[in-house]
Each structure stands twice: as C-alpha cells, then as structure tokens.
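>
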Amino acid sequence: MNKKIFITIFHDFLIFCLSFFIALLLRLDLNLSIILMNSLWSFCLLYAATNIFLLHYFGLYHGIWRYASMHEIVSIFKSITISTLIIILSFFLIFRLENIPRSFPVLLFIVSLFGVTGPRIFYRFLKDKITKDIIKRIPVLVVGDSNSSESFIRLTKNQKNSPYSVIGIIGDKLSSIGRRIHNVPILASIADIDLFDKDLRKKKLVPQKIIITDQSIKPESVEKLYVFAKKNGLALGVLPKLSNINSKDKFVTNPIAIEDVLGRKQKVHNPKLLKDISNKVIIVTGAGGSIGSEICRQISLLKPKKLILIEENEFALYKVIQNLKGNLSPILADIRDFEKINSIIKSFKPDVVFHAAALKHITFVEEDPMEALKTNFLATFKLCEICKSLNVPKFVFISTDKAVYPSNIMGASKRLCEKYIQNFSLSSNSTKFIIVRFGNVLGSTGSVVPLFQEQIKQGGPITITDPKVTRYFMTIREAVELVLISSQLKTKKNGEIFILEMGKPIFIKDLAKSMINLLGQKENEIKITYTGLRKGEKLSEQLFFNEEKITKTNVEGIMSTTDKIYNVDTSDYNSLISYIQKNESKRAIDKFKKMLPEYKVDVKN
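Residue numbers for the sequence shown follow the numbering used here, so the first one is 41 and each next one is one higher.
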C-alpha cells in the first residue's frame, strides 16, 4: 500500500473514532462513565471501520487531497450516512436505543462530516496559497462563453504549473455581466468592450494579458479585442483546445492570426464557381512553394481526376503531399528542364496548367539577374509554347503587383511574361491563356510576417527598410481561391489579366507593431530599426498601370483589365532567348531592358 494512502486511512480512522466520542460527550453533558462503557468501544471501532471500507469502496483514497472537489465531498457524505444508519441499527438491536440520545446520530453525522472534510479543504487551501506565493501568476482576462471560461478557470486553479491568475471574464452575452464563475466576475461583454476602458481603471484591475478561450470566436470580435488590447497595452493570445491540455502542459497560448486584425474581411464565394475543376487533370508548377502548395491543397479538396505536382525541391514536394488526398502524381522536376516538362505534359494531357514556379526574392534576384531570366521568363516562354503545341485547354500564369512599373528584376521578368503571354495568346486558338495579378500574401516563405515572428521571438530588433513602406496583403487561402475562380471565368479575350482586389495598402511598420502585440509583447519592449530601401525595392506597389482600364467582374474580389496588347517584335524575343541560353549576361540584360521601357532601375551585370 502506498505510504500516503496509509497515512490518509489512519488519519480518517482516528477522526471517525474521535467524532464518535465527541458526539457522545456533547450530548451526554461530558458524562464519561457512560462514554467509557466497554460496549461503546466496539461500536466506535465498527463505525470507523465501516466508514473506511465505504470510503475505499467509493474510490476516495485514489484521489489527491489538493484536488479534493465536490465528488469527494459527496463520497464522504454517502459513507457517513450509511455508517451512521448502521450504528443506529446496531444500537437498536442491542440496546433497543435505551440510554442513547436520539440526537446522537445527528451530532455524529455532523462532527464526522466536518472532521473528515475540514482537513482536506484546509490542506487544499494551504497548498494553493503556497503555490501562489511561490509562482507569481500573470493576471489575465479571459474571453469566451460560460463553458469555455469555466473550463479554463478550473484548469488554472487546479494546475500548479499554470502561469495565469484569472481576474475577470469578458463574456459573450450582455445579460451575464455581474455574475461569477468560480468566484471570478464577468466584467463585460465583447459587444461593449469599447466601454470597458473606464471600468478597467475604475475597478483598479491590472491585467497583463487577454486570453481567448473560445475557438469559434468570430474574426470581427477578435479585431475588437485586438484594438482594446493594444489601447491598454495588453498581450492577446488564444488558447489551444482545452481537451489537448494536460497536467504536463506549460499553458502556452497561441498568438492571434495576423489576418484577423488587419481589418480585411474574408470574402465567401459560391462553391459552384469551382465545380468545373472537379474531374479535371491539373498540373501545378512550383507545387512546393507558398502559392503552389495552397493551389494544390485547394484543388485536392475539389476532387480532380488527377493532380500532378511539379517541384524541383525534394523536401518541399514531400512536405506538400503529406496533407493532400486523392489521385496525386508528385514529380521531382526543374521547370527549366524543357524536355522533361514537355514529356510530363504530353503524358498526362492536363486540362489546366497553373504556373506558380518562379524566383521571387528580390535581393537574391538582383544579385543574379540571369537566374531570374532563366526561371521567370525563359521557363514561362517555353511552357507556353509546350502547352500550345500540345493543345492544353487552359494555362494560368501567376503574376505579381511588382510587375506594375517594375523597379527590380523579379517584377520586370514577371511583366515581360505578362506582355509575352498576351502577345502569344493572339495566335492561340486551342489554349486559353489567363494571367492573375496580386500583391503580397501573408505568411509566404520569405515574406515579412515569418521574418518578424522570428525577430520578435529573439527579442528584436525588427528590421524595416523604411518607415514609409507600404504593401498590399491578403491571406494565401483567399488569394488562391480567387486564382482558381479566375481560371473559371469567361474572358473577353485570350490573355486577359485578372487583378485581385487587395483592399488598402498597409504600412509595414504598423504590421510590425501589430505582430509585437499579437505575440504577447509590448511595443516599447521590441526595438524597430530602419535599414534603408534595398536595391530594387519601392516604397509602395500598384496593382495596375495608370493606362489600364479596370472593370469589375461578376465575382467579388476579382477585377479585369482591358490592357492593350503590346506587339513586341518576335525577333526581340528570339534574341533575348538566345542570349539567355548562351549565358551572355550583359547582352541579355540590355535586350531585356530595351523590351521593357517601363522598367526604370539599372541592373547589376
């Protein structure tokens, strides 16, 4: 038997014996002559032993005193009730209840109940107090419905490793304000959180963090909470599913997703817009990249006939297929291996090719512009020719806002692709060419969001090129959904450019400050340093050229441009391709610049 269990049983046995005689003493005016009767000793031992047996039967000795709860109290209540009835029955059979006061069973019950439960409650109180004194818990406000708030509060009270002390609740209903859960007051509702500022100061509450316990909270509520938290200098976090937390967990809250607080509402589209992708053979190039992998994920949910993933990075290809289902054909291939790409397309006969493969990191591309011309332009050029020659019904090219008035090689190479595809599409009757242009997506590899996250975790500083830099942002999921819908829209002409509505541009410094708050820090704790614009970088981006005429489509979030078709001399393309293939860097760059008068920045040889 466990030593602690033995001590607990011994403690309870003594308490029951003492309770028996204390009850008699109280009722018999401390008349020891009656109490010391030999026959009563046997009843005392019977009473104590019966209680010990019943408490063991009810599982009380398998629990831990510090976590004694109502369940244990009920077990003790049952045990003492049954034992008291047994004693009464024994007295009746032997003494016919003569000389035994009728109030004795009541006193016995009360004294026993207090004697057994009292030490347990005191022990729990003492341990909790010691723990609170040792662990300086962070005062927090919890946000959620009654059930999720109650579960979290109970968890924080029961777990000694919890770093949080809940001092108030922000509920989901106005009618709940003023009520309490585990003695923690419901102070406000999410709906009137704006009015809670004054109450916070008036009630002298000093929380350090807001924790969202409700997994199903609406994005607009998260946005309101974020504004409130930022205004009051509070960190904001969301709790993982309570069912996933056990006693060994460290109570780490997840940061709020940055897209929930940027004020951009996610659009909901009719699933029928994507029904034509089902039962089709689809090829995705750059399948392991941020955009490419999300295209694959969303297409796989639409149950295509076959999904072919082309990616040159082995690990990226392995990683993306782990979360996909359906008829997949992952192929390790370089988009610049034209013979292999031709063989793949000829073999699978795709209905649609989504071309997402590209070099996109401005700094690297500026240092080695020929690589961008080989991957971004030449590979796209060859892929278009292959699709046209093999009568692929549809080709979708992923472009970027950096192609508009380009100031760097990456954007310029994408712009040249746009112009080439539009020009090339004029002579294509079998293949429909579509261009989709949009800005930054949140969380993509190499973007500022994961970079800022890492810098904040390291304690700073956050590096920003210029305080005036702005960028368009949207979620990867929304961008890709709109790309897929764009691929299904009826076009006015071949080679049409669809532009995704990105909302308002965001100051990068504001994005950084938002992320500092979301990751549980305060703005004055993480330094922001400005490094100066990098080569090829602009203060702001545009989604379309001034001369482009923008019209809305019948799908919210997608615009189209009636951009004029540029009749570029075929000999220019042939010369550029020849220079690239011969690796004649200077001549290739010079020709490239000549073909793009809108490209204004000098390029390093």
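Just so it is clear, CB atoms sit at the ideal spot from N, CA and C, and this is done for glycine as well.
Do you know offhand how far SER283's Cα is from SER256's?
Translated into positions along the sequence shown, residue 283 becomes position 243. Translated into positions along the sequence shown, residue 256 becomes position 216. Residue confidence for SER283 is low, a pLDDT of 49 falling below 50, so the modelled location carries little weight and cannot support an answer.
> Roughly how many angstroms lie between the CA atoms of GLU351 and PHE464, to the nearest whole one?
Sequence index remark: in the sequence shown, residue 351 carries index 311 (1-based). Sequence index remark: in the sequence shown, residue 464 carries index 424 (1-based). C-alpha separation (whole angstroms): 25 Å.
> Check TYR512 in the structure and name its three-state DSSP category.
Against the sequence shown, residue 512 aligns to sequence position 472. TYR512 falls in the coil class under three-state DSSP.
> Could you say which of GLY543, CYS336, TYR87 and ASP408 lies nearest to GLY576 if we only look at CA atoms?
Position 536 of the sequence shown, counted from the start, is the residue given in the question as residue 576. Looking at the Cα atoms, ASP408 is the closest of the given residues.
> Give me the Cβ distance between PHE435 and ILE322, rounded to the nearest whole Å; I'm assuming they're in contact under 8 Å.
Along the sequence shown, read from residue 1 onward, the residue named residue 435 stands at position 395. Along the sequence shown, read from residue 1 onward, the residue named residue 322 stands at position 282. Not really, about 12 Å apart at Cβ, beyond 8 Å.
> Is SER439 helix, strand or coil when you go by DSSP?
One-based indexing of the sequence shown puts residue 439 at position 399. Here SER439 sits in strand by DSSP.
> To the nearest angstrom, how far is it from the Cα of LYS508 to the Cα of ILE402?
For this step, residue 508 is matched to residue 468 along the sequence shown. For this step, residue 402 is matched to residue 362 along the sequence shown. If I take the Cα positions, the gap works out to 19 Å.
> Would you call ASP254 buried or exposed, if buried means 16 or more other Cβ atoms sit within 10 Å of its Cβ?
Your numbering for residue 254 matches position 214 in the sequence shown. Taking all protein chains shown into account, ASP254 has 16 or more neighbouring C-beta atoms within 10 Å of its C-beta and is therefore buried.
> Does the Cβ of GLU587 have 16 or more other Cβ atoms within 10 Å, making it buried, or fewer, making it exposed?
For the purposes of this step, residue 587 is taken as the residue at position 547 of the sequence shown. With fewer than 16 Cβ atoms within 10 Å of its Cβ, GLU587 is classed as exposed.
> Looking only at its own chain, which residues have a Cβ that is under 7 Å from the Cβ of ARG194, when we skip the five neighbours before and after it?
If you number the sequence shown from 1, residue 194 lands on position 154. Contacts found: HIS222.
> Determine the contact status of ILE617 and PHE378, defining contact as a CB-CB distance below 8 Å.
Translated into positions along the sequence shown, residue 617 becomes position 577. Translated into positions along the sequence shown, residue 378 becomes position 338. In this structure, PHE378 does not lie closer than 8 Å to ILE617 by Cβ.
> Would you call SER287 buried or exposed, if buried means 16 or more other Cβ atoms sit within 10 Å of its Cβ?
For the purposes of this step, residue 287 is identified with residue 247 of the sequence shown, where counting begins at 1. In this prediction, SER287 scores a pLDDT of 46, lower than 50, which makes its location untrustworthy; the coordinate-derived value is nonetheless stated afterwards. Result: exposed.
> By Cβ distance below 8 Å, which residues in the same chain neighbour ILE496 in space, the five residues on each side in sequence not counted?
Stepping through the sequence shown from its first residue, residue 496 is reached at position 456. So the qualifying residues of the chain are ILE502, MET555, ILE556, LEU559, GLN561 and ILE566.
> Which of the three DSSP states, helix, strand or coil, is assigned to HIS401?
Numbered from its first residue, the sequence shown carries residue 401 at position 361. Coil, per DSSP.
> Leaving out five residues before and five after PRO637 in sequence, what residues of the same chain have Cβ atoms less than 8 Å from its Cβ?
Numbered from 1 along the sequence shown, position 597 holds the residue referred to as residue 637. Cβ within range, chain order: n/a, list empty.
> Between the C-alpha atoms of ILE207 and GLN248, what's the straight-line distance to the nearest angstrom?
Here residue 207 is taken as the residue at index 167 of the sequence shown, counted from 1. Here residue 248 is taken as the residue at index 208 of the sequence shown, counted from 1. Whole-angstrom Cα-Cα distance: 10 Å.
> Looking at the structure shown, is SER333 part of a helix, part of a strand, or coil, going by DSSP?
Position 293 of the sequence shown, counted from the start, is the residue given in the question as residue 333. Secondary structure at SER333: helix, using DSSP grouped into helix, strand and coil.
> In three-state DSSP terms, what is TYR570?
For this step, residue 570 is matched to residue 530 along the sequence shown. In this structure, TYR570 counts as strand in the three-state DSSP scheme.
> Determine which residues share a DSSP beta bridge with PHE473 and list them.
Along the sequence shown, read from residue 1 onward, the residue named residue 473 stands at position 433. For PHE473, which the question treats as bridged, DSSP gives the partners PHE435.
> Less than 8 Å between C-beta atoms, sequence neighbours within five positions excluded: which residues of the same chain meet that for ARG214?
Taking the first residue of the sequence shown as position 1, residue 214 is located at position 174. Note that residue 214 is Leu in the sequence shown, not Arg. Contacts found: SER229, ALA231 and ASP232.
> Among the residues of its own chain, which have a CB less than 6 Å from the CB of ALA419, if the five just before and after it don't count?
Counted from its first residue, the sequence shown places residue 419 at position 379. Cβ within range, chain order: ILE375 and ARG376.
> Ignore the nearest five residues each way along the sequence and tell me which others in SER615's own chain have a CB closer than 6 Å to its CB.
To locate residue 615, count along the sequence shown from 1; it is residue 575. Answer for SER615: LYS631, listed in chain order.
> Which residues bound the beta strand (DSSP E) around HIS51?
Within the sequence shown, the letter at position 11 stands for residue 51. Unbroken run through HIS51 is the alpha helix (DSSP H), 43-67; no beta strand (DSSP E).
> Buried or exposed: which applies to GLY184, given that a residue is buried once 16 or more other Cβ atoms fall within 10 Å of its Cβ?
In the sequence shown, the residue the question calls residue 184 occupies position 144. With a 10 Å radius around the Cβ and a threshold of 16 neighbouring Cβ atoms, GLY184 comes out buried.
> Strictly by DSSP, which residues pair up with PHE394?
As a working note, residue 394 is residue 354 in the sequence shown. In the DSSP output, where bridge partners are listed per residue, PHE394 has VAL324 and VAL436.
> Beta-carbon within less than 8 Å of PHE83's beta-carbon, same chain only, minus the 5 sequence neighbours each way: which residues are those?
Indexing the sequence shown from 1 puts residue 83 at position 43. The beta carbon of PHE83 is closer than 8 Å to those of PHE60, ILE127, SER130 and PHE131 in its chain, skipping five residues each way along the sequence.
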